[in-house]
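First the structure, in the form of structure tokens, and then the observations on it.
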Amino acid sequence: MALTDEPCLVLGVDVRLEQVFLNLAQNAILAMGRVTAPKLSIATCFAESLNMETLRLESKVLVTVADNGCGIAPEHLKKIFDPFFTTREAGMGTGLGLSIVDTIVRGFDGHIEVESAVGKGACFSVYLPDCREKDE
1292 MALTDEPCLV LGVDVRLEQV FLNLAQNAIL AMGRVTAPKL SIATCFAESL NMETLRLESK
1352 VLVTVADNGC GIAPEHLKKI FDPFFTTREA GMGTGLGLSI VDTIVRGFDG HIEVESAVGK
1412 GACFSVYLPD CREKDE
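In this note's numbering, each number is its position in the sequence shown, counted from 1, plus 1291.
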């Protein structure tokens, strides 16, 4: 786990933020089910992100959750945040986890990105507004 030296301050409901990161960690753990040397990485840092509406750079807190699991097939990447989309067997998942994650993150004026390669794992990057500037 790699965390910033300075506390990351974001405006959000703690229970909802817990839900975001627990869902991402649980998905990562399930994706690593058959990996002989599983590796889950969680990191925080500060980042700049382009606001597509204002075309201005904004300060963000970036939290990444990465694994070396099975990865996500390219044809699934565009659907993973859709409600009820799942690649799991019937009865093994509702397909709501990532949809809920996306809804919560957007509700906090953030966004989420994913990079993945089949057989190599996935990395979810969660960008949330940095509240340091607002508190000063």
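Every residue, glycine too, gets a C-beta built ideally from N, C-alpha and C.
For this session: Counting only the same chain and skipping the five closest in sequence on each side, list residues whose C-beta sits under 6 Å from that of A1271.
Result: Nothing about residue 1271 can be read from this structure; the chain reaches only from 1292 to 1427.
Exercise. How many Å lie between V1405 and P1420 at the Cα?
Worked result: 18 Å
For this session: Pick out whichever of T1378, M1383, G1412, R1397 has its Cα sitting closest to the Cα of R1307.
Result: R1397
For this session: Starting from R1397, follow the alpha helix (DSSP H) in both directions and report where the run begins and ends.
Result: 1388 to 1398
Problem set entry | Rounded C-alpha distance that separates G1362 from V1409 | 4 Å
Exercise. Taking the DSSP output, what are the residues bridged to F1337?
Worked result: V1352
For this session: Compare the beta carbon distance of L1348 and R1423 with 7 Å and say whether it is the shorter of the two.
Result: no
Exercise. Can you give the beta carbon distance from Y1418 to L1353, rounded, assuming they're within the 8 Å contact cut?
Worked result: 6 Å
Problem set entry | Cutoff 6 Å; reference S1340; Cβ partners in own chain excluding five residues on either side | E1349, K1351, Y1418
Problem set entry | Residues that DSSP places opposite H1402 in a beta bridge | Y1418
Exercise. What are the residues that DSSP puts in a beta bridge with R1347?
Worked result: N1342
Exercise. Whose C-beta lies closer than 6 Å to the C-beta of G1384 among residues of the same chain, with five residues either side of it excluded?
Worked result: T1377
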